[in-house]
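In what follows, a structure is listed as C-alpha cells, so that the remarks can point back to it.
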DNA sequence: GTTCTAGAAC
DNA sequence: GTTCTAGAAC
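Numbering (mature numbering (1 follows the signal peptide of the UniProt record, and there is no 0)), first residue to last: -18 to -1, 1 to 863.
Structure below.
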C-alpha cells in the first residue's frame, strides 16, 4: 500500500452547520508514507493531523490537482492541547473518520459521499471569493478586554471563513513543521515566532481578504492612527467593521494579570500600568474613519451579543451599517436617543446567558465581585450561579419566529424544572396537558414556552408531545431565548411573562426569577409588594408592570405573573421529597393558575378597549374597522404609557431650559416659539394657507376638498407616499394654536389620513405609515403629515428633513389627540434643536455620519420598529396575513 | 419649504 | 478632487 504524507495549508475553516467544519486547504507537500493536515485558528491553533490511507490520499490527488483539497469535518470532538477524540472528515467525495486518540492519528474511510462538488475549481479559492461578502473586523480594546476570545468564539461557530490577524503570530506561518505546531498546541501557547509587525499584519489581512476570507484585526487598535492603515482594507473589496470592547478597566487588568501571571512575565502591577496607560490614550473609532459598522460593547453581555451577531453571519450575509450599541464618539446627546440607549443598555447588565466564558475569565470576574461596580458583580453572579444550565455556547436567540402581532401573548418558563429539580419528563407532560386544556379556552391568545438554552430538553420534549397532540402551533410554540429580551432580541412580542418566583416574591436566587426582577427594575418589586407579600405553591399572582419599568419600555411587557411551582430540591423550602403524586398535582395547579391569571388579564384588556373605543376615538376605531391594523397592544397600560411619555417630555424640557422652569414656564415658552399670531410667516410659507383658504383656485394640486380640510400631495415628498391633510379653519396655523375645541377636527383629520393610507396600501401593501404634526412647522396652516416610513425620496436631503420626521419634533397624531383631550393643548418645547441632532435609523436606532450613509442604511434595515411606535396605532400598515 | 453656495470634511 | 453641511435668500 502506498501511503503518502501530505501537508495542507488551511486557507480557511468555517463551520457550516451544527458542528460541521469546512476547511479549504492547500496541498503543501507530500511523501509516500502518510498524509498530515492541520487546521488553525488563532494562536491556539486547531490542529488536526492524520495518516491517510492510500485510497483516500489518491483521491485527494486526483480530485484536487490544483493543490486544493476541500474537506468537511463532521462530528468533531476535539480539545485543543490534548488532540484526541475522533472526527469525521468529508474530503471531496469521501467521508472519513479520523481517530485522534493519540498523536499517531489514524484515518479511515467510512462511506462514500454523493455530494457533487466542483472538481474543476479553477483558480484557488475563486469559489469562496464569489460567495463571500468579506469583512475586515478591527477589534478595539485594551489587553484583557477579550479581543482574542472574541475571535475564537466567532471562529468556532461561524459559517463564514475568518482569519485572525494579530501582532503576536501571523496566520501565514503554515510552513512550520507539523511537529512544531503540535508542540505549540499541546502547550497552549504561542511562544514560537517573533512579534509580527504592523506591515506583516496588513499583508496577512490583504492576503486573506484576497482569498475570500474575512479577517479579524486582533490588535489593540486604540488610537486612530493605529487603525488608519486597516480601514484602508476596504480597498480589498471588504467592509471594514469595528467592535469596541470598552469594558471596565478593572476587568481588563484582572484578566491581564491572570494571563501574564500564568506566563510569569509581567507582575500584576505592571500589567495594570500597561492597561491603564493604553486606556488613557484610547480614541474610540468613528464611522467617519471609514467603518461601515461599529459595535460598542461596554459589558460582557454586549460582547456576547456581538459574538452572536458575527457568529451567525453566513458567507453571503451582510450586517447593517451604522453605529451600534453604546454612545458613539460623534454622538451629540439627544434626549430621545439617550432614552433609547438607556433602555437598551441598562438591562443588558441584568442578565447573562454567557455560559461560555473561559475559566480564567470567570475567576477574574470573581476577584472583582466584592468590590467592583454593580455591572461587573451582577454579571459575575450570573456566571457563577448560572441562569442557564447549559455549558454550550448560546447561539441565536430565536428560530426566526418574528411576531409583531397584537394577539395577547404569554411567555412562560418551564416551572420547577430548574432549581426545584422537578422531573422533566413529568413536567413536559403536564405542560402539554395544561396547554391543551387552556389553549382554546383562552380564545385569541398565544402561549410561548421559553427556555434560554439551545438544545433544552424540556423544549424538545414539549415540542414532541405538543406535536403528537396536534396542538395548534399558531397558538402554542416554544422559543429559545432570554425571557427578559424576547422582543429586543427575538422580535417576539409578549405582553405578559410568567416568573418562576420564590415564595417571598422577592428578587434574587437565580435563574428566571433573578433575571426578570433585574430586567424589570425596582418597579416590579414595588408593584409586586402592593399585590402580595408571598405566594403559595400552585398559585399565581399577576402584577401590572409600571410603565417606567425597562421591561415594559423595551420589551413591551405589561404584566408579570408570578407563579410558584412544586419543589423537589432538598436545599429549598417546602421540599416535597420526591412525592411526585403531590408534586404533579401542584404543578398542574400552577399552570392552571398561570393560565387563569392570563385569561383574566386578557378579559380586562378587552373590556378596557371597548370602553376606550366608545368614549375615546370613535372616528379612529370606525376608520380602522378591521381593514387597517392598529398596532396598539390594547392593554390597560395605555394611560400609563401616555403619562410616561409626558413625564419624559417634561424632563427633557427642563433639561433644555437650563434647569429652569415649571410646566407653566415651558408652556409660555412654547407659545413664544410657535403660537397664535406671534410667529411671522414668510411669503413662501403661505402656500398651504392659500390652498386651505381657497382650494378651488388650486384645484389641480389638491387631492380632496371638504368643508373642514383639504388633502394635498406634499410638493416635496420625503417618502414614497407623503400627503398633507390641511385644516381649513382660520387662525389654526400650527400645533401651538390647537385647543380642545379643535379635537373633533383633529380626529377627523386623522381619520381622513387613515382613509388615504388605505388607498395607498391597495397599491403597495408593503408601505407603513405614520401620521403626525411638526412641532414647529415651516409652512403656515395646521397640516397633518401622512408619510410612509420608507423615506425613499430624492427630496429627503438633509438632517433637518430626517429629524423632522424621526425625532420628538414629529408629534404623532395619536399623541396630539390624546394630549389635547387630556390637557386641552399640546405641550411644545423648544423642539427646533431636535432638528440638528445626529442621524439615527428610525428602526434600529443606529447612528450614521451623514445623510447618504443613513439613506443607504435605511434602504436595507429590516429591524422592527421600536415598541413605542408600534403601540397605539402610531404606525399604520396593511393587515398582517 | 427650496435653492444656492462657501467652505469644511473627507 | 469630491462630498457633505449649514447658512442666507427667496
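Just so you know, even glycine gets a beta-carbon here, dropped at the ideal spot from N, CA and C.
{"query": "Start and end residues, alpha helix (DSSP H) containing residue 134", "result": "129 to 139"}
{"query": "For residue 846, three-class secondary structure by DSSP", "result": "coil"}
{"query": "C-alpha gap between residue 280 and residue 665, whole angstroms", "result": "51 Å"}
{"query": "The stretch 399 to 407 in contact with the stretch 548 to 557 per 3-pair CB rule at 8 Å", "result": "yes"}
{"query": "Integer Cβ distance of residue 397 from residue 583, believed to fall under 8 Å", "result": "Wrong, their Cβ atoms sit about 18 Å apart, outside the cutoff."}
{"query": "Cross-strand partners of residue 738 (DSSP beta bridge)", "result": "Answer is none; residue 738 lacks a bridge partner."}
{"query": "Neighbourhood of residue 558 by C-beta distance below 7 Å, restricted to the same chain and skipping five residues each side", "result": "548, 549, 550, 564, 565"}
{"query": "Beta-carbon gap between residue 707 and residue 681 smaller than 8 Å", "result": "no"}
{"query": "DSSP-derived helix/strand/coil call for residue 755", "result": "strand"}
{"query": "Cα-Cα separation, residue 237 to residue 300", "result": "32 Å"}
{"query": "Inter-stretch contact at 8 Å, needing at least 3 Cβ pairs: the stretch 256 to 263 / the stretch 288 to 307", "result": "no"}
{"query": "Counted within 10 angstroms of its Cβ, other Cβ atoms place residue 420 as buried (16 or more) or exposed", "result": "buried"}
{"query": "Per-residue burial, residue 538 [other beta carbons within 10 Å of its own, 16 or more giving buried]", "result": "buried"}
{"query": "Pair within 8 Å by beta-carbon distance, residue 129 and residue 200", "result": "yes"}
{"query": "Test item: CB-CB of residue 749 and residue 703 under 8 Å", "result": "yes"}
{"query": "Residue 438 (DSSP reduced to helix, strand or coil)", "result": "coil"}
{"query": "Minimum C-alpha distance to residue 482 - residue among 840, 432, 287", "result": "432"}
{"query": "Cα-Cα separation between residue 859 and residue 852, rounded to whole angstroms", "result": "10 Å"}
{"query": "Residue 793 vs residue 717 beta-carbon contact at 8 Å", "result": "yes"}
{"query": "Residue burial classification, residue 572 (beta-carbon count within 10 angstroms, cutoff 16)", "result": "buried"}
{"query": "Rounded C-alpha distance that separates residue 204 from residue 258", "result": "12 Å"}
{"query": "Other residues of its chain near residue 762: CB distance less than 6 Å, five sequence neighbours each side excluded", "result": "663, 667, 668, 671, 715"}
{"query": "Pair within 8 Å by beta-carbon distance, residue 497 and residue 545", "result": "no"}
{"query": "C-beta contact flag for residue 192 and residue 145 at 8 Å", "result": "no"}
{"query": "Extent of the continuous alpha helix (DSSP H) run through residue 209", "result": "206 to 213"}
{"query": "Beta-carbon proximity of residue 453 to residue 427, cut-off 8 Å", "result": "no"}
{"query": "Enclosing beta strand (DSSP E) for residue 838 [first to last residue]", "result": "Residue 838 -> not in any beta strand (DSSP E); alpha helix (DSSP H) instead, spanning 833 to 840."}
{"query": "Burial state of residue 834, where buried means 16 or more other Cβ atoms lie within 10 Å", "result": "exposed"}
{"query": "Cα-Cα separation, residue 229 to residue 414", "result": "43 Å"}
{"query": "Per-residue DSSP class, three states only, for residue 202", "result": "coil"}
{"query": "Rounded separation between residue 493 and residue 788 - CA only", "result": "38 Å"}
{"query": "Neighbourhood of residue 272 by C-beta distance below 8 Å, restricted to the same chain and skipping five residues each side", "result": "213, 214, 216, 222"}
{"query": "Cut-off 6 Å between Cβ atoms - residues of its own chain near residue 687, not counting five sequence neighbours on either side", "result": "677"}
{"query": "Sub-8 Å separation of residue 270 and residue 839 beta-carbons", "result": "no"}
{"query": "Collapsed DSSP secondary structure at residue 704 in the structure displayed", "result": "strand"}
{"query": "Beta-carbon proximity check, residue 764 vs residue 719, cutoff 8 Å", "result": "yes"}
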